[in-house]
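**Student:** Residue numbers (the working numbering), protein chains in the order written: chain A, 85 to 435; chain B, 85 to 435. In this text, a Cβ means the ideal position worked out from N, Cα and C, and glycines have one as well.
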DNA sequence: CTGAAAGCGCTAACAT
DNA sequence: ATGTTAGCGCTTTCAG
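#1: Answer with yes or no whether the minimum CB distance from residue 224 of chain B to chain A is below 7 Å.
#2: Could you give the C-beta distance for residue 254 of chain B and residue 333 of chain B, rounded to a whole number, given that I count them as a contact under 8 Å?
#3: Touch check for the segment 290 to 309 of chain B and the segment 351 to 370 of chain B: three-plus C-beta pairs under 8 Å?
#4: From the DSSP secondary-structure annotation, give me the bridge partner or partners of residue 186 of chain B.
#5: Can a CB atom of chain B be found closer than 7 Å to the CB of residue 92 of chain A?
#6: Taking the alpha-carbon positions, what's the residue 308 of chain A to residue 297 of chain B distance?
#7: Which value, in whole angstroms, describes the spacing of the CA atoms of residue 100 of chain A and residue 147 of chain A?
#8: Quick one: which residues of the segment 121 to 151 of chain A get their C-beta closer than 8 Å to a C-beta of chain B? List them in chain order.
#9: According to DSSP, residue 334 of chain B sits in a beta bridge with which residue or residues?
#10: Between residue 273 of chain A and residue 285 of chain A, which are expected to be in contact by the criterion C-beta below 8 Å, what is the C-beta distance as a whole number of angstroms?
#11: Since residue 342 of chain A and residue 313 of chain A should fall inside the 8 Å C-beta cutoff, what is the C-beta to C-beta distance between them, to a whole number of angstroms?
#12: Taking 7 Å as the CB-CB limit, is residue 104 of chain A close to chain B?
#13: Going along the chain, which residues of the segment 159 to 175 of chain A sit with their C-beta nearer than 7 Å to a C-beta in chain B?
#14: Since residue 318 of chain A sits in a beta bridge, which residues does DSSP pair it with?
#15: Please list, in chain order, all residues of the same chain as residue 384 of chain B whose beta carbon is under 8 Å from its beta carbon, the five residues on each side excluded.
#16: For residue 141 of chain B versus residue 144 of chain A, is the C-beta distance shorter than 7 Å?
#17: How far does the alpha helix (DSSP H) with residue 263 of chain A in it extend, from its first residue to its last?
#18: In its own chain, which residues sit with a C-beta less than 6 Å from the C-beta of residue 390 of chain A, not counting the 5 before and 5 after it?
#19: Hey, residue 369 of chain B and residue 417 of chain B: beta-carbon distance below 7 Å or not?
#20: Under 9 Å Cβ-Cβ, which residues of chain B neighbour residue 421 of chain A?
#21: Between residue 418 of chain B and chain A, is any beta-carbon pair separated by less than 7 Å?
#22: So for residue 149 of chain A, helix, strand or coil by DSSP?
#23: Would you mind giving the Cβ-Cβ distance between residue 159 of chain A and residue 181 of chain A, rounded to the nearest angstrom? I have them listed as a contact below 8 Å.
#24: So, is the C-beta of residue 87 of chain A closer than 7 Å to a C-beta in chain B?
#25: Assign residue 322 of chain A to buried or exposed, taking buried as 16 or more other Cβ atoms, counted over all protein chains shown, within 10 Å of its Cβ.
#26: Write down every uninterrupted run of the alpha helix (DSSP H) in the segment 273 to 317 of chain A whose length is 4 residues or greater and which is fully enclosed by it, in chain order.
#27: Taking C-beta pairs closer than 9 Å, name the residues in chain A that residue 241 of chain B reaches, listed in chain order.
#28: So who's on the other strand from residue 181 of chain B, going by DSSP bridges?
#29: If you measure beta-carbon to beta-carbon, which residues of the segment 190 to 209 of chain B are closer than 7 Å to chain A?
#30: Per DSSP, which one or two residues make a beta bridge with residue 169 of chain B?
#31: Along the beta strand (DSSP E) that carries residue 415 of chain B, what are the first and last residues, could you check?
#32: Assign residue 217 of chain B to buried or exposed, taking buried as 16 or more other Cβ atoms, counted over all protein chains shown, within 10 Å of its Cβ.
#33: State the Cα-Cα distance for the pair residue 132 of chain A and residue 401 of chain B, rounded to the nearest angstrom.
#34: In chain B, which residues lie with their C-beta within 8 Å of the C-beta of residue 185 of chain A?
#35: Looking at the ligand GTP, does it come within less than 6 Å of residue 387 of chain B, judged from the CB to the closest heavy atom?
#36: List the residues of chain B whose Cβ lies closer than 8 Å to the Cβ of residue 341 of chain A, in chain order.
As structure tokens, this is what we get:
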């Protein structure tokens, strides 16, 4: 009644119910053509035997695993996991599971994980690329596997992508600061070889030009990893210069955190009172970032939703509009408690 | 040379290389008994054909998927994902992949995901349980699948578990505050039906008794979810009482955040200057929690490491010591910048 | 409505 | 050292 390895199979059920395995398979797949009577009996036996369908065998036969592979540079990245969570909410009810793998910020590792996922016959793949290289996504095996890039697009690579409209976010920040009366706005960001760092720098330069504000090279700081240490270093360097601006746009949450912590513990009250930030990312600890007047909140939930929907569409064989490049507008937050002032969000026409 | 669905199989390779499928399988599995010559030829053909091993077929045959199933109440939980990341670092090199699923904090959903993972033939399962119920983990199918509980243990359930030693952490916090001179210490925590909330409350009561400090019911606050709103509410309630203590132990990061934000924006400088916190969790934004003198940092990396090692052991058929209950001691952080003072950590004997 | 049978791609005896 | 063959558990024609 049970195979030597412990679990009952379709065969055991068939035998026990006095039907053929085909019939058992039919009830498993909710086929119409089974008498309510036999269905009942089969279901009954399954219950008794504690039968569990073997999805692996099914996958082999039908050539699809109902599995989506996911690769990210870091699993502990809050942004990415919120996106994954949103995806799960719409994919799981459709029967999909998600295999998750970390590229550990290395293209080499990304290639390796890609290979693993291909061998596991994932039906689709979602990746937040580790670097700017993307030839490994052109492999023959991937020709039949829908692939969606998240957060970053790799130039020259023809695949679907979903990302935050970084430039839009920066524009609004500059606009907000200008509306509040600031003419001189510094930039604190990371090395432009990083995709988001570059996008935000470009957005800054664009916006400053558009609003006719002066870009002062001395206060456009863009070196290093986008972490707390860099945030602290760059801010202290800027404030070390004579006649520095009071307003700064900061390119991400970690740098913002570093800059704020530095300011709070090392600056004279007078300097502190004048300092104003606008920055990317709005996280749980936003209430503690007291120097921040405006922030850009990435639409994580919506990104997840878009990715999942697009994936479902591709999985269904619909190649319409390929490759689609979805750009989602972030939410703009105004920190009234810190002195931010409501402003009229500039209407921007998408490219 | 290629099957109708696009990808080459072992059969295609065999044919093209002029050998049998068995030989191809042998080179795939690094069998010794293949001439360097034929191996070379087979490898060559694989390359040419862009062959990828079909892990699904392999799994069906060998009855193991090299897959670990993971269920957590929330995927965006930083703590859990850091653990998962650490696990991945040791499991991936051994050929394991991880299927991740969210129970969305619901036992019902947890059951459903459990079933999915069983049907997918995961080799092992790691779960951070959603509730206190655990009968669904007693299902027959799970008898042959190693299961490890993380962060919480379900009473009466005989399974391996790995968790933070919450009581140890609280003890050290109370000890630290006492060493600094505080005799009266309030408690701000969540509803004790939540596992961690209860453990930390119990730890607090234990420690207060042990140090001969008075437990004042008025200042033992333990209602609501462990989030920012509750942190704020409970602190404001405590401070609203006459003759309140200046020192508080706060049971987790969210409540700590809420309490700090509230204090900074609503309290008179005089009150603020006296207020001191010791709390659980030490995250990226710790530099901003200026009222905190001491914190407990959960050993996430080590938890992940322990879980992975234990899993590997069970997967290898080693049932030694089952069920193992690993308790990991958290790290104690002293915030010198905020006024915390180094103290001699109390040596505690494990139960 | 139900059963018989072929076969998904691979591994692992068992032969040779 | 290599080939033959029998399945792993399931789905799916094709008959009846």
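**Tutor:** This is what the structure holds:
#1: Interface residue, yes.
#2: Confirmed, Cβ separation roughly 7 Å.
#3: Using a Cβ-Cβ distance cut-off of 8 Å, the segment 290 to 309 of chain B and the segment 351 to 370 of chain B are not in contact, since fewer than three pairs of beta carbons, one from each stretch, lie closer than that value.
#4: According to DSSP, residue 186 of chain B bridges with B:156.
#5: Taking 7 Å as the threshold, the shortest C-beta distance from residue 92 of chain A to chain B does not fall below it.
#6: If I take the Cα positions, the gap works out to 49 Å.
#7: Residue 100 of chain A and residue 147 of chain A have their C-alpha atoms some 29 Å from each other.
#8: The segment 121 to 151 of chain A vs chain B, Cβ under 8 Å: 134, 136, 137, 138, 139, 140, 141, 143, 144, 147, 149 and 151.
#9: In the DSSP output, where bridge partners are listed per residue, residue 334 of chain B has B:272 and B:363.
#10: With a beta-carbon spacing of about 5 Å, residue 273 of chain A and residue 285 of chain A fall inside the 8 Å limit used to define contacts.
#11: 6 Å between Cβ atoms; contact.
#12: So no, residue 104 of chain A is outside the interface.
#13: If you check each beta-carbon in the segment 159 to 175 of chain A against every beta-carbon of chain B, the ones closer than 7 Å belong to 159, 160, 162, 165, 166, 168, 169 and 172.
#14: DSSP output for residue 318 of chain A lists no bridge partner at all.
#15: So the list reads 163, 166, 167 and 170, once near-sequence residues are dropped.
#16: Contact: yes.
#17: It spans 250 to 263 - the alpha helix (DSSP H) in which residue 263 of chain A sits, taken as one unbroken run.
#18: 246 and 410, listed in sequence order.
#19: The answer is no: Cβ separation not under 7 Å.
#20: Those within 9 Å of residue 421 of chain A in chain B are 349.
#21: Not a single CB atom of chain A sits nearer than 7 Å to the CB of residue 418 of chain B.
#22: It is coil, neither helix nor strand.
#23: Between residue 159 of chain A and residue 181 of chain A, the beta carbon gap of about 16 Å keeps them out of contact (Cβ cut-off 8 Å).
#24: A caution first: residue 87 of chain A carries a pLDDT of 45, below 50, which makes its placement in the model unreliable, though a value can still be read off. No, residue 87 of chain A does not count as interfacial toward chain B.
#25: Residue environment for residue 322 of chain A: buried (at least 16 other C-beta atoms within 10 angstroms of its C-beta).
#26: Qualifying alpha helix (DSSP H) stretches, in chain order: 279 to 294.
#27: Taking the beta carbon of residue 241 of chain B as reference, no residue of chain A falls within 9 Å; the closest one sits roughly 19 Å away.
#28: Looking at the DSSP output, residue 181 of chain B shares a beta bridge with B:151.
#29: Listed by position along the chain: 200, 202, 203, 204 and 205.
#30: Answer is none; residue 169 of chain B lacks a bridge partner.
#31: For residue 415 of chain B, the enclosing beta strand (DSSP E) begins and ends at 415 to 418.
#32: Residue 217 of chain B is exposed by the Cβ-count criterion.
#33: Going by the C-alpha atoms only, they are around 28 Å apart.
#34: For the C-beta of residue 185 of chain A, the chain B residues within less than 8 Å are, from N- to C-terminus, 172, 176, 181 and 182.
#35: By its list of ligands, the structure shown contains no ligand whatsoever, and the ligand GTP lies outside what it can speak to.
#36: Residues of chain B with a Cβ closer than 8 Å to the Cβ of residue 341 of chain A are, in chain order, 368, 369, 371 and 372.
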